[in-house]
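Visitor: Below is one structure. I have some questions about it.
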Amino acid sequence: MSDNLLFEYAVIRVVPKVEREEFFNVGVILYCAPKKFLQVKYEISEERLRAFCEELDIISLRDNLAALDSIAAGAEGSGTIGKLSLPERFRWLTATRSTVVQ
Numbered sequence: 323m324s325d326n327l328l329f330e331y332a333v334i335r336v337v338p339k340v341e342r343e344e345f346f347n348v349g350v351i352l353y354c355a356p357k358k359f360l361q362v363k364y365e366i367s368e369e370r371l372r373a374f375c376e377e378l379d380i381i382s383l384r385d386n387l388a389a390l391d392s393i394a395a396g397a398e399g400s401g402t403i404g405k406l407s408l409p410e411r412f413r414w415l416t417a418t419r420s421t422v423v424q
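What follows is the structure, given as C-alpha cells:
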C-alpha cells in the first residue's frame, strides 16, 4: 500500500504583455513536506515564446528561472532566501508578492 502524500505546487507563467491577457506556462514549483522535496522544473520553448512576443528577453527569462531553481535547491550563492528551510523557501517562492518578475 502506498502512502498518500500531499504535494503543493505553483505554475510558473510568462506573461509577455499584460494588456493582451495571454500567458505561457513554462514550469512548476513542486513541494512535498513529508518527502522533504522542493524542486523547480521548467522548459523554455523560444519559438513559442517568440510567437507571443518577439521582443521578449529570453536571456533575462532564463536567468530569472535559474534563480528560482537555485533558491529552491538551496544552492550556494542563492542568498539569504536560499538558506531558509524548505517550507519557508516554498512559501517565499509562491508568495503573492513574488509572483511577478519584470
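Position in the sequence shown counted from 1, then plus 322, gives you this note's numbering. Ideal Cβ positions, reconstructed from N, Cα and C, are used throughout, including at glycine. Model, not experiment: these values are computed from the prediction.
Looking only at C-alpha atoms, which of Lys405, Ala332, Arg370, Asp379 sits nearest to Thr418?
Guide: Indexing the sequence shown from 1 puts residue 418 at position 96. With distances taken between Cα atoms, Thr418 lies closest to Ala332.
Visitor: Any idea which residues DSSP pairs Val333 with across the strands?
Guide: Working through the sequence shown from its first residue, we reach residue 333 at position 11. Val333 pairs with Val350.
Visitor: Residues bridged to Lys363 by DSSP?
Guide: Stepping through the sequence shown from its first residue, residue 363 is reached at position 41. DSSP output for Lys363 lists Val350 as bridge partner(s).
Visitor: Using the beta-carbon count (16 or more within 10 Å), is Arg370 buried or exposed?
Guide: For this step, residue 370 is matched to residue 48 along the sequence shown. Exposed.
Visitor: Compute the Euclidean distance between the alpha carbons of Cys354 and Ile334, then round it to the nearest angstrom.
Guide: Here residue 354 corresponds to residue number 32 of the sequence shown, with the count starting at 1. Here residue 334 corresponds to residue number 12 of the sequence shown, with the count starting at 1. Approximately 17 Å, taken between the alpha carbons.
Visitor: For the candidate residues Cys375, Ser324, Lys358, Gln361, whose alpha-carbon lies nearest to that of Lys339?
Guide: For the purposes of this step, residue 339 is identified with residue 17 of the sequence shown, where counting begins at 1. Cα-wise, what sits closest to Lys339 is Cys375.
Visitor: Along the chain, where does the alpha helix (DSSP H) that runs through Leu406 open and close?
Guide: Within the sequence shown, numbered from 1, the residue matching residue 406 stands at position 84. That residue, Leu406, is in no alpha helix (DSSP H); it is neither H nor E in DSSP.
Visitor: Measure the alpha-carbon distance for Arg372 versus Glu341 and round it to whole angstroms.
Guide: Along the sequence shown, one-based indexing puts residue 372 at 50. Along the sequence shown, one-based indexing puts residue 341 at 19. Roughly 17 Å separates the two Cα atoms.
Visitor: Are there 16 or more other CB atoms within 10 angstroms of the CB of Val336, so buried, or fewer, so exposed?
Guide: Within the sequence shown, the letter at position 14 stands for residue 336. Its Cβ being crowded by 16 or more others within 10 Å, Val336 is buried.
Visitor: What residue range is occupied by the uninterrupted alpha helix (DSSP H) comprising Arg342?
Guide: Locating residue 342 in the sequence shown gives position 20, where the first residue counts as 1. First-last for Arg342: undefined, no H or E at that position.
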